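For the sequence shown, the residue numbers in the numbering used here are 469 to 681. Ideal Cβ positions, reconstructed from N, Cα and C, are used throughout, including at glycine. Treat the numbers as computed from the prediction; the structure is a model and nothing was measured. First comes the structure, then the notes that go with it.
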Amino acid sequence: MAPTDKRGEHFDPGNYRPISTHSSIIQSFEKLVCKQPLSLVKKFKILSECQVGFRKGHSTEQAIAEITDNLKKSIDDDLFTCGVFLEFTKAFDTVSHSILLKKLKKYGVRGLSLKRFNSYLSNAKQDVSFQNSKSSKQTIICGVTQGSSLGPLLLLLFINDIFNSSEKLSFRLFADDTNIFASSKNSKDLETAVNQELTLVKKWYDIKKLQLT
Numbered sequence: 469m470a471p472t473d474k475r476g477e478h479f480d481p482g483n484y485r486p487i488s489t490h491s492s493i494i495q496s497f498e499k500l501v502c503k504q505p506l507s508l509v510k511k512f513k514i515l516s517e518c519q520v521g522f523r524k525g526h527s528t529e530q531a532i533a534e535i536t537d538n539l540k541k542s543i544d545d546d547l548f549t550c551g552v553f554l555e556f557t558k559a560f561d562t563v564s565h566s567i568l569l570k571k572l573k574k575y576g577v578r579g580l581s582l583k584r585f586n587s588y589l590s591n592a593k594q595d596v597s598f599q600n601s602k603s604s605k606q607t608i609i610c611g612v613t614q615g616s617s618l619g620p621l622l623l624l625l626f627i628n629d630i631f632n633s634s635e636k637l638s639f640r641l642f643a644d645d646t647n648i649f650a651s652s653k654n655s656k657d658l659e660t661a662v663n664q665e666l667t668l669v670k671k672w673y674d675i676k677k678l679q680l681t
């Protein structure tokens, strides 16, 4: 694993993003393992259309256009609109393996394929290389790898049901960047409703053992 500076002080280890550098054999294995869940995702349209991250045919430009159109419509309808912009804290690194495996089973990955995922996630080890130094190996107890074929898809499946956390809020996501909107004719009613619904979103975060930035 090679640490990549993300933001903040260069001397703070918490500001570095772990980018995994897998061997060609592991990368080939990941592409093979990725085929079944990817085919299920496409066949049954599992991922919400409000999720535009790491998906062919989707883009940030598309999401921005949809958000802009919705805001214009709200203005035309004389509605007040509230937008809340959230981000997971180190989403790739904090994915719970046990919850992820349950989600994969729910989405149709079962039997031998589920066992492969369990083996893939269990007892994996990593070390960190920086310049001419290398750390000792540590067991990975949570998270999915960035810079891999499988990691982004697993993350999207893991957070996919955030859209079910509230029936009153409108969501647009680019991977873990979460944009939430709500509209109402009354600004006070809008404020009350958004605060109430955000408690449900926060509850979803807590159940999934994720944190907000």
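Legend entry - Backbone secondary structure at Ser566 - three-state DSSP: Looking at Ser566 - three-state DSSP - the assignment turns out to be helix.
Inset, instruction - Pick out whichever of Leu508, Ile609, Lys602, Asp657 has its Cα sitting closest to the Cα of Lys571. - result: With distances taken between Cα atoms, Lys571 lies closest to Leu508.
Inset, instruction - Assign Gly579 to one of three DSSP states: helix, strand, or coil. - result: If DSSP states are grouped into helix, strand and coil, Gly579 belongs with the helices.
Legend entry - Alpha carbon of Lys653 to alpha carbon of Thr660, nearest angstrom: 13 angstroms
Legend entry - Same chain, Cβ closer than 6 angstroms to Glu534, five either side skipped, listed in chain order: The beta carbon of Glu534 sits closer than 6 angstroms to none of the beta carbons in its chain outside the five residues before and after it.
Inset, instruction - In angstroms with no decimal places, state the Cα-to-Cα distance between Asp625 and Ala650. - result: Rather than Asp, the amino acid found at residue 625 in this sequence is Leu. Whole-angstrom Cα-Cα distance: 24 angstroms.
Inset, instruction - On a CA-only basis, which of Lys676, Leu666, Lys671 is nearest Phe553? Give me that one, please. - result: Leu666
Legend entry - Assigned secondary structure, Ala661 (DSSP; H/G/I helix, E/B strand, else coil): helix
Inset, instruction - Could you tell me the boundaries of the alpha helix (DSSP H) in which Ala559 lies? - result: In the DSSP assignment, Ala559 falls outside any alpha helix (DSSP H), carrying neither H nor E.
Inset, instruction - Report the residue from Lys676, Val501, Asp546, Phe639 whose alpha carbon sits nearest the alpha carbon of Arg584. - result: Val501
Inset, instruction - Give the DSSP bridge partners of Arg640, in chain order. - result: As computed with DSSP, Arg640 is found in a beta bridge with Asn647.
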